[in-house]
Amino acid sequence: MLKIENLTVAYEVAPVLHSINLQVQEGQIVALLGANGAGKSTTLKTISGLVRPMEGSVSFGGKEITKLRPDEIVELGIAHVPEGRLVFPGLTVEENLRIGSYTQKFTQAEIKAELENVYELFPRLAERKRQLAGTMSGGEQQMLAIGRALMCKPKLLMLDEPSLGLAPVIIDSIMEKITEINQHGTTILLIEQNAHLALEVSHYAYVLSVGKVVSEGQSADLAKDKAMLAAYLGGS
Numbered sequence: 003m004l005k006i007e008n009l010t011v012a013y014e015v016a017p018v019l020h021s022i023n024l025q026v027q028e029g030q031i032v033a034l035l036g037a038n039g040a041g042k043s044t045t046l047k048t049i050s051g052l053v054r055p056m057e058g059s060v061s062f063g064g065k066e067i068t069k070l071r072p073d074e075i076v077e078l079g080i081a082h083v084p085e086g087r088l089v090f091p092g093l094t095v096e097e098n099l100r101i102g103s104y105t106q107k108f109t110q111a112e113i114k115a116e117l118e119n120v121y122e123l124f125p126r127l128a129e130r131k132r133q134l135a136g137t138m139s140g141g142e143q144q145m146l147a148i149g150r151a152l153m154c155k156p157k158l159l160m161l162d163e164p165s166l167g168l169a170p171v172i173i174d175s176i177m178e179k180i181t182e183i184n185q186h187g188t189t190i191l192l193i194e195q196n197a198h199l200a201l202e203v204s205h206y207a208y209v210l211s212v213g214k215v216v217s218e219g220q221s222a223d224l225a226k227d228k229a230m231l232a233a234y235l236g237g238s
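Structure representation (structure tokens):
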């Protein structure tokens, strides 16, 4: 579904990604792991068209998207939930969700159906659909950010640190929902600093270190590689 080849990205003159290669197969959850500054968020921003690479290419569904605008990339079926959630605090829950559908040419009936799907996945959002997003808890805002991305019916959902700043019980709930979204047919590219948690929910994983892919493989196999976890992810 997604193929990155020899991707090099720099901010001004400082390289951030060094000729990385990465693939996401349809139906998978693929985890992108690494310490702060490894280049994980830059990878997602480059896929989304928010950052332009110096070299290399990004293809989605066999079509190169490297030079497309962000809105064109969303229209193809890629949704990006950024780190920090970035909901619109002065809008209600339902207004935030509806914004997620505006990138597609949906009828009102289709928008209503997608709203019902999101409310079924996250009942808390249904309970609070008239509440201002800025007054919600961090966990509720994360649900809202994911729900807003799902409103455009993405083929690929990219999640940047969905557990950041959340209580353990909320993190478990969010990860269960991510697994459920995948089981319903959405392919997922997941950035997560909690490597053990990411390897539990994903099928395949890549490990980045200072902008380079230093390890990759089936998640279950990487979870057993104690030396790799200790060297690059702070595992014991």
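For the sequence shown, the working numbering begins at 3 and goes up steadily by one. We treat Cβ as the ideally placed atom computed from N, Cα and C, and that holds for glycine.
Can you grab the Cα-Cα spacing for the pair residue i / residue j, in whole Å?
i	j	result
H198	A225	7 Å
A147	L117	13 Å
S165	Y121	20 Å
I80	A233	32 Å
G21	K65	A small correction: the amino acid at residue 21 is Ser; Gly does not occupy that position in the sequence shown. About 20 Å.
G167	M145	13 Å
D73	T10	22 Å
L52	R71	8 Å
K114	I67	30 Å
K107	I49	22 Å
A37	V76	28 Å
S238	Q195	Because the pLDDT at S238 is just 45, under 50, the model does not fix this residue reliably, and the value given afterwards should be weighed accordingly. Rounded to whole angstroms, S238 to Q195 spans 15 Å at the Cα level.
Q110	M177	30 Å
A16	N119	43 Å
T44	L123	29 Å
L99	P125	14 Å
Taking all protein chains shown into account, do 16 or more other C-beta atoms lie within 10 angstroms of the C-beta of residue i, making it buried, or fewer, making it exposed?
i	result
Q143	buried
V171	exposed
V18	buried
H186	exposed
D223	exposed
K228	exposed
K42	buried
R150	buried
Enumerate in chain order the residues of its own chain whose CB-to-CB distance from residue i is below 8 Å, with the five nearest sequence positions on each side excluded.
i	result
R130	V95, M138, E142
R87	G140, Q143, Q144, L146, A147
If you drop the 5 nearest sequence neighbours on each side, which residues of the same chain put their C-beta closer than 7 Å to that of residue i?
i	result
S221	A33, L201, S204, H205, Y206, A207
Q133	T94, V95
Q30	T189, H205, Y206
A128	Y121
C154	V76, A81, G102, S103, T105, Q106
A214	According to the sequence shown, residue 214 is Lys rather than Ala. Here the set comprises H20, I22.
V212	A40
Less than 6 Å between C-beta atoms, sequence neighbours within five positions excluded: which residues of the same chain meet that for residue i?
i	result
E218	Y208
G136	P91
M160	L46, H82, L191
M230	S217
I think residue i touches residue j, with their Cβ atoms under 8 Å apart; what is that distance to the nearest whole Å?
i	j	result
L35	I6	No, L35 and I6 are not in contact; Cβ-Cβ is about 16 Å, not under 8 Å.
L210	A40	4 Å
L152	F62	At roughly 18 Å, the Cβ-Cβ gap does not stay under 8 Å, so L152 and F62 are not in contact.
D162	I193	5 Å
L158	V26	7 Å
Could you name the residues that DSSP lists as bridge partners for residue i?
i	result
E118	The partner list for E118 (beta bridge, DSSP) is empty, contrary to what the question assumes.
I113	According to DSSP, I113 bridges with nothing at all.
P17	A12
M230	Note: M230 sits in no beta bridge, so no partner.
G219	A207
L35	V209
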